[in-house]
């Protein structure tokens, strides 16, 4: 059983890599989904941000994507184990349809997060609530500190990968 | 441990309530009402009213959407 | 204990930064981060199977509300 103070930073990095790679796979920094995300991206770009990073932050705000799937899968796993995570995957799919989002970013994020969390808690001894704190800290680093520098960082990585 | 979460609910409710009064723009007031409902949902879940919490957290955004639709219609009528 | 403390501190920090931010559209990422933290706090407060539904309803509601505010603000700016 890993100590929880050590498990939280490791799980934050794992969650960041997880939903970052799934969002890049579904091409989220490429274009906006709805008109609200256009407005937020323009506001970020006007105050010195980057274009592709701005699209990604706007898509995270206005639609449930892989970051929401990771958080809700972690919550479901904490409450009830594998059945709880499966319930949360189904509910994330329904919730994405309610928000009129045609993509599958949220559902695939929840599925991948369930597999990763199950492997790490069963075989590596992570405590189960460390992933909730890890995903909240990961979102804080993307949206909560400074949208300008985070969007520049994300834009640089996106342009290097394509 | 529940006490710390109740302190979070108190801070969010008071912050949302007072900032709704003192902020100028109408869109900012709507955002601050959202902060207030976060505190309210935390109070509801603390006492065990889980179904009431589901109803409140689904109905408050629908009310906000109605307010925004009325904002658009009022602007069209005054033109 | 530590996990609740992290979620509480992040929620209060993001709410304060959202209230004191000037630009309306740049408040919305802070509100989204606050909703993430409040969703985590809800689950840690009462670990009951129905709380999964409460957390999901709260999160989907808050995303819908942010989306509606952002798109109404955008269409009002374009007029």
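Chains as they are written, first to last, in the numbering used here: chain F, 361 to 522; chain E, 14 to 92; chain L, 14 to 92. Just so it is clear, CB atoms sit at the ideal spot from N, CA and C, and this is done for glycine as well.
So, with DSSP's three-state summary, where would you put residue i?
i, result
"residue 38 of chain E", "coil"
"residue 471 of chain F", "helix"
"residue 445 of chain F", "helix"
"residue 33 of chain L", "coil"
"residue 496 of chain F", "helix"
"residue 503 of chain F", "helix"
"residue 489 of chain F", "coil"
"residue 426 of chain F", "helix"
"residue 453 of chain F", "helix"
"residue 462 of chain F", "coil"
"residue 71 of chain L", "helix"
"residue 362 of chain F", "coil"
"residue 522 of chain F", "coil"
"residue 64 of chain E", "helix"
Using a Cβ-Cβ cutoff of less than 8 angstroms, which residues in the same chain neighbour residue i once the five nearest sequence positions on both sides are dropped?
i, result
"residue 52 of chain L", "68, 71 and 72"
"residue 50 of chain L", "20, 21, 23, 24 and 27"
"residue 50 of chain E", "29, 69, 70 and 73"
"residue 467 of chain F", "429, 449, 452, 453 and 456"
Going by Cα to Cα distance, which pick from the options is closest to residue i?
i, options, result
"residue 452 of chain F", "F:429, F:437, F:516 and F:462", "F:429"
"residue 486 of chain F", "F:380, F:377, F:438 and F:507", "F:438"
"residue 88 of chain L", "F:449, F:519, F:466 and F:397", "F:397"
"residue 498 of chain F", "F:403, F:457 and F:373", "F:373"
"residue 459 of chain F", "E:74, E:89 and E:85", "E:74"
"residue 32 of chain E", "E:47, E:22 and E:19", "E:47"
"residue 505 of chain F", "L:24, L:81 and L:75", "L:24"
"residue 376 of chain F", "F:404, F:503 and F:463", "F:503"
"residue 419 of chain F", "L:64, L:45, L:91 and L:92", "L:45"
"residue 38 of chain L", "F:382, F:404, F:368 and F:381", "F:404"
"residue 382 of chain F", "F:369, F:400 and F:471", "F:471"
Quick one: what's got a C-beta closer than 7 angstroms to residue i's C-beta in the same chain, skipping five residues either side?
i, result
"residue 28 of chain L", "47"
"residue 436 of chain F", "444, 445, 447 and 448"
Please confirm whether residue i has its beta-carbon closer than 8 angstroms to some beta-carbon of chain L.
i, result
"residue 422 of chain F", "yes"
"residue 91 of chain E", "no"
"residue 70 of chain E", "yes"
"residue 58 of chain E", "yes"
"residue 83 of chain E", "no"
Check whether the Cβ of residue i lies closer than 8 angstroms to any Cβ atom in chain E.
i, result
"residue 49 of chain L", "no"
"residue 53 of chain L", "no"
"residue 39 of chain L", "no"
Determine, using beta carbons only, whether residue i comes closer than 8 angstroms to chain F.
i, result
"residue 67 of chain L", "no"
Between residue i and the ligand COA, is there a pair consisting of the residue's CB and a ligand heavy atom that are separated by less than 7 angstroms?
i, result
"residue 441 of chain F", "By its list of ligands, the structure shown contains no ligand whatsoever, and the ligand COA lies outside what it can speak to."
Below 6 angstroms CB to CB, which residues in the same chain sit around residue i once its five sequence neighbours on both sides are set aside?
i, result
"residue 40 of chain L", "31 and 34"
task = Taking 8 angstroms as the threshold, find out whether the region 379-398 of chain F comes into contact with the region 413-428 of chain F through three or more Cβ pairs.
result = yes
contact_flag[the region 399-410 of chain F, the region 509-516 of chain F] where n(CB pairs < 8 angstroms) is 3 or more = yes
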